[in-house]
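Going by this note's numbering, the first residue of the sequence shown is number 4, and it counts up by one from there. Comments concern the structure below.
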Amino acid sequence: MIARRWVVVILLAAGLSSCCGCGSERPIRDRQGRIIVEYWHQPMVTTVPGLEDEVKEVGDFERYLARQFMAENPDIVIRTQCLNWEDLPRKVPISVLGGRPPDVLMDFIGRTSGFWYQGVLEPLDEVIAGSEQDFQPQLLDASLLPDPQGVRQLHAVPLCGWVQVLALNRAAWDVQGLGHLIPTRENPRWTWDQFETAMAAIAGPSVTPLGMQVASEQGDYRVLQFFWAFGAEVYHDRDYSRVALNSRQGVEALGWLVAAKQKGWIQSNVATAGYGFFEMFWQGRTVAIPSGVSVHQAYSNAVRDDKVTADFNGDGRVDMDIFYTLPPTRPGVAVSLPVATNGLAVFKQADPAKRKAVMRFVRFLASSQSIGRYARASQMLPSRKSVGNIFSDQPAVTEILSRASRCDVADMGATSPNYYDIRKRLPAYLQAAFLGLKTPAEALAGFERETRGVLRNGGPSPPNREPGG
């Protein structure tokens with residue numbers, strides 16, 4: 004299947020090259036003769052310890068890094084562009100279709116892998132040659148993908164990673180005398196009955212405890228965490244020729260989620276809401292979100308911006324105490340957690356001088372110093388071992404990450420050939436179930452039928468536009 008996929012995408016790439024026409028590529032040099040390197044990136048960093056005067060909003064850190072690099076490389080000019088979460092899965096593919104992609108892209112490897120299978124990325128093994136042992140094995144392995152001959156190559160240099168746990172606002176229970184219902188700091192693990200009791204106790208007209216959304220594929224792992232809680236799998240045993248979500252466990256999980264919404268445990272607009280559930284978290288309208296441990300950094304930013312207003316007992320004081328637990332699972336089901344990697348990908352470079360300049364910039368971004376800054380600012384796991392433990396001053400985070408490291412890894416298929424094409428189709432079926440347009444069994448059966456067609460064709464195809472259709 005992978006070989007067939009490569010045939011499809013190579014033909015597609017060749018067709019794109021021929022139809023783009025002359026003059027459609029970005030200019031190589033500016034008027035001063037400097038080589039221009041375009042760097043597009045996630046809105047991952049908003050503050051950097053020690054750089055408060057330089058970094059005040061998303062994009063500032065990348066501009067700072069660009070200035071640092073250009074000071075040492077005056078023959079190169081770096082142009083940065085920060086893409087929001089909605090633009091990342093749209094603007095970059097459009098730029099590729101138009102023959103004007105960025106030179107360097109920093110994004111989730113579940114998206115960058117799609118460009119690799121399209122044949123439009125440079126292999127980057129040369130960037131880390133000699134320093135492979137300094138990279139975290141799991142993050143490095145996830146970034147190695149097969150080329151058309153089946154040889155695994157580095158499609159993106161791993162930058163930072165995260166593992167999903169469950170972030171709670173513990174104060175929601177504590178200030179109402181309900182703290183005994185949730186796990187202790189010494190043992191941050193739930194029983195399923197305990198979890199349901201705690202959700203029922205805190206839910207009310209102004210609080211829907213669980214934060215998630217299915218309006219788009221963004222953050223789908225938050226919803227999938229509850230499928231994994233029932234023992235369901237997106238893929239079984241690394242078999243990416245079929246999606247395994249339509250199973251007895253999957254139907255039970257979706258049935259539980261639909262019932263949770265009906266009970267008022269999930270916000271009523273889950274089918275249409277965007278990332279607003281984080282705003283709800285700061286306001287106390289949601290109190291539990293499957294997330295990485297970067298919530299503490301997001302909280303600091305929210306405090307700075309006067310967004311934190313949670314007050315559960317009406318005393319006029321903010322009630323916020325972020326507490327991490329492992330996600331709950333049904334009896335007999337082991338905890339499975341998604342692990343994800345953000346990396347640096349380079350689009351194909353026809354000009355040798357520009358390719359050399361681009362690789363020089365990527366080596367700068369992939370240095371231990373740059374990765375350490377990215378990791379500390381985003382509160383994500385650094386890809387390089389030499390960065391050290393950035394959470395050494397946060398014992399609670401160190402403890403939950405230690406427990407998470409002993410859990411099974413949930414397979415999202417993030418670097419499989421059809422990952423994004425499959426991923427973007429699930430929300431419509433989840434929406435249909437939440438809105439009562441389909442039963443959970445009907446929704447997952449419809450999703451399976453549609454994904455079967457994608458996998459059979461072996462290449463990108465337009466999604467079904469009907470809700471749950």
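Yeah, the Cβ is synthetic: ideal placement off N, Cα and C, and Gly gets one too.
Check	Outcome
Stretch-stretch touch, CB-based, cutoff 8 Å, three pairs: the segment 191-206 with the segment 261-269	yes
Cβ-Cβ distance between residue 380 and residue 51 below 8 Å	yes
8 Å contact criterion, which residue 298 and residue 170 should meet: CB distance rounded	4 Å
Alpha carbon of residue 253 to alpha carbon of residue 272, nearest angstrom	22 Å
Ranges of the alpha helix (DSSP H) found wholly within the segment 155-192, counting only runs of at least 4	174-177
Residue 348 - partner residues in DSSP beta bridges	108
Cβ pair residue 413, residue 340 closer than 8 Å	yes
Cβ shell of residue 1 (< 8 Å), same chain only, five flanking positions each side left out	The shown model of the chain, from 4 to 472, leaves out residue 1, and the question about it has no answer.
Buried versus exposed, by CB contacts within 10 Å (16 or more), residue 222	buried
Identified DSSP bridge partners for residue 43	84, 108
Member of 39, 217, 453 whose CA lies at the smallest distance from the CA of residue 76	39
Residue 152 beta carbon less than 8 Å from that of residue 128	no
Cutoff 7 Å; reference residue 147; Cβ partners in own chain excluding five residues on either side	155, 156, 157
Cα-Cα separation between residue 287 and residue 313, rounded to whole angstroms	4 Å
Whole-angstrom distance between residue 168 and residue 398, CA atom to CA atom	16 Å
Bridge partner(s) assigned by DSSP for residue 291	171, 213
Same chain, Cβ closer than 7 Å to residue 376, five either side skipped, listed in chain order	51
Presumed contact (8 Å Cβ cut-off) between residue 103 and residue 29, rounded CB distance	6 Å
For residue 339, three-class secondary structure by DSSP	strand
Helix, strand or coil at residue 398 according to DSSP, with G and I counted as helix	helix
Supposed close pair residue 454, residue 217 - CB separation, criterion 8 Å	Not quite, the Cβ-Cβ distance comes to about 16 Å (not below 8 Å), so this is no contact.
First through last residue of the alpha helix (DSSP H) which encompasses residue 329	Taken as a continuous stretch (DSSP letters only), residue 329 belongs to no alpha helix (DSSP H), as it is neither H nor E.
For residue 411 and residue 8, the rounded distance between their alpha carbons	Residue placement at residue 8 is poorly supported in this model, since its pLDDT is 48, which falls under 50; the coordinates are not used for a value here.
Coarse secondary structure for residue 242, derived from DSSP in three states	strand
Secondary structure of residue 207, DSSP reduced to three states	strand
According to DSSP, residues forming a beta bridge with residue 385	163
Three-state secondary structure (DSSP) of residue 34	coil
Chain-order list of residues whose beta-carbon lies under 7 Å from that of residue 367 (same chain, five-residue window excluded)	72, 373
Same chain, Cβ closer than 8 Å to residue 316, five either side skipped, listed in chain order	178, 179, 322
Proximal residues to residue 220 (C-beta, below 7 Å), its chain only, five neighbours per side dropped	426, 427, 429, 430
Straight-line gap, residue 327 to residue 31 (C-alpha atoms, nearest Å)	48 Å
Own chain residues within Cβ distance below 8 Å of residue 207, not counting five before or after	267
Rounded separation between residue 192 and residue 37 - CA only	55 Å
Alpha carbon of residue 274 to alpha carbon of residue 383, nearest angstrom	28 Å
Residue of 44, 195, 365 minimising C-alpha distance to residue 259	195
Contained alpha helix (DSSP H) runs [length at least 4] in the segment 101-149, N- to C-terminal order	112-120, 128-131, 140-145
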